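Visitor:
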Amino acid sequence: MAPGAYPVYEALDETAATARVMQTLRRAVALDEDSLAARWALGRAALAMGDGEAAADALGPLTEGARRNPLLYDDALTAFSHGWRPAEVVALYEAVPPPQWTSAVSDTVALAYLDVVTGGQGDRGTRGQGEGETKQLLEQVRELRPGDLYANYHLWMQARQDGDLGAAAAYSETLTYFPLEAIDPGDERLLDYVAEAILALLEDGLWDRDKTLNVVSFLVWQHNGATGVERLLEQLTERYPTEPEWPFYLAELYHRRGDLDHAEAAYQQVLAVDPEYAQAYLCIGMLYETRAEGETGE
564 MAPGAYPVYE
574 ALDETAATAR
584 VMQTLRRAVA
594 LDEDSLAARW
604 ALGRAALAMG
614 DGEAAADALG
624 PLTEGARRNP
634 LLYDDALTAF
644 SHGWRPAEVV
654 ALYEAVPPPQ
664 WTSAVSDTVA
674 LAYLDVVTGG
684 QGDRGTRGQG
694 EGETKQLLEQ
704 VRELRPGDLY
714 ANYHLWMQAR
724 QDGDLGAAAA
734 YSETLTYFPL
744 EAIDPGDERL
754 LDYVAEAILA
764 LLEDGLWDRD
774 KTLNVVSFLV
784 WQHNGATGVE
794 RLLEQLTERY
804 PTEPEWPFYL
814 AELYHRRGDL
824 DHAEAAYQQV
834 LAVDPEYAQA
844 YLCIGMLYET
854 RAEGETGE
């Protein structure tokens with residue numbers, strides 16, 4: 564999580580003053596390790612700094628209190644999630660589900676369940692999970708995020724293998740008429756899973772090319788900083804080398820990030836596939852103008 568992503572402390576950044584604040588809070592915790600106030604303040608400050616591991620370390624001993632305090636509960640879930648401790652997210656959530664449903668909490672917990680299913684971020688194997696346990700975890704994800712593409716896709720696959728045509732049809736309908744939240748999650752890390760599902764949906768024929776293009780264009784517009792979206796476009800470009808739209812959207816993603824060198828290379832890749840792709844020429848022209856303005860300082 565980038566500095567400033569935690570709104571309560573969005574003023575904190577990598578400055579000497581911030582370092583002094585963190586040092587003071589760490590000293591307070593060292594002096595009284597049982598102080599809820601000191602640990603909570605340190606955890607919130609660490610979240611604002613983008614240090615999920617430090618936040619999880621600070622708030623970890625407060626889980627009993629978090630079960631009685633909704634604000635502390637939410638902070639602890641966030642800290643465990645960004646500290647890559649999915650088992651602790653799940654344990655806290657299953658011990659005391661949040662009294663008031665929020666999309667932030669549901670996304671956080673769903674991500675933790677998906678991490679347990681797959682063995683962690685970046686590894687999509689079902690490491691150590693039996694078939695029944697995997698299905699149960701995916702159903703819990705679906706309860707938290709009814710339109711989740713990854714969970715619905717894998718449950719659809721399982722239902723087809725089991726010969727449960729009714730369940731398969733229900734999952735298929737959700738995958739076809741999904742809610743916006745499915746591709747616009749509160750936690751962008753979920754887009755790693757969304758991206759994998761999108762590729763599978765296209766290849767299995769549940770989505771056609773036009774639907775996939777529409778979703779990809781939305782993701783490039785709204786979530787161009789997400790690594791999952793970038794990886795999806797790289798895979799689509801590689802698997803469909805004669806279709807210029809995929810490298811075009813990849814170029815757009817880089818262009819929106821301000822990565823002009825990679826954007827230009829991807830636009831040129833578009834023109835190598837389709838020399839008459841007019842929009843690529845227009846975007847290259849805009850890219851050159853941006854470079855020229857940067858060089859002149861205008």
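Throughout the sequence shown, residue numbering follows my numbering, covering 564 to 861 in sequence. C-beta atoms are modelled at their ideal positions from N, C-alpha and C, and glycine is treated no differently. Please read all numbers here as calculations on a predicted model, not as lab measurements.
(1) Just to confirm, is the Cβ distance from VAL659 to ARG630 under 8 Å?
(2) Would you check if the distance between the CB atom of LEU776 and the CB atom of LEU738 is smaller than 8 Å?
(3) Drop a sphere of 10 angstroms on the beta-carbon of ARG708, count the other beta-carbons inside from all chains shown, and report buried for 16 or more, exposed for fewer.
(4) Please confirm whether ALA758 and TYR716 have their CB atoms less than 8 Å apart.
(5) So ALA618 packs on ALA582, CB below 8 Å; how close in whole Å?
(6) Report yes if the C-beta distance between VAL833 and PRO810 is below 8 Å; otherwise report no.
(7) By the 10 Å Cβ neighbour count, where 16 or more other Cβ atoms means buried, how is ALA621 classified, buried or exposed?
(8) Distance check for ASP750 and SER644, CA to CA, integer angstroms please.
(9) Can you give me the Cβ contacts of LEU599 inside the same chain, cut-off strictly under 7 Å, excluding the 5 residues immediately before and after it?
(10) My guess is that LEU850 and ALA828 are in contact by the Cβ rule of under 8 Å, so how many angstroms apart are they, rounded?
(11) Assign ARG705 to one of two classes, buried (16 or more other C-beta atoms within 10 Å of its C-beta) or exposed (fewer than that).
(12) State the DSSP-derived secondary structure class of LEU845, mapped to helix, strand or coil.
(13) Once you ignore the five residues that flank VAL672 on each side, which residues in its own chain have a CB closer than 8 Å to its CB?
(14) When the Cα of VAL668 is compared with those of ALA731, LEU753 and PRO807, which residue comes out closest?
(15) So, helix, strand or coil for PRO633, using DSSP?
(16) For VAL653, is the beta carbon positioned less than 7 Å from some heavy atom of the ligand FAD?
Guide: Short version:
(1) yes
(2) no
(3) buried
(4) no
(5) Not a contact, Cβ separation roughly 16 Å.
(6) yes
(7) buried
(8) 10 Å
(9) LEU625 and GLY628
(10) Actually they do not touch by this definition, with Cβ atoms about 11 Å apart.
(11) buried
(12) helix
(13) LEU640, VAL652, VAL653, TYR656 and LEU707
(14) LEU753
(15) helix
(16) Of the ligands one can find in the structure shown there are none, so the ligand FAD has no counterpart to examine.
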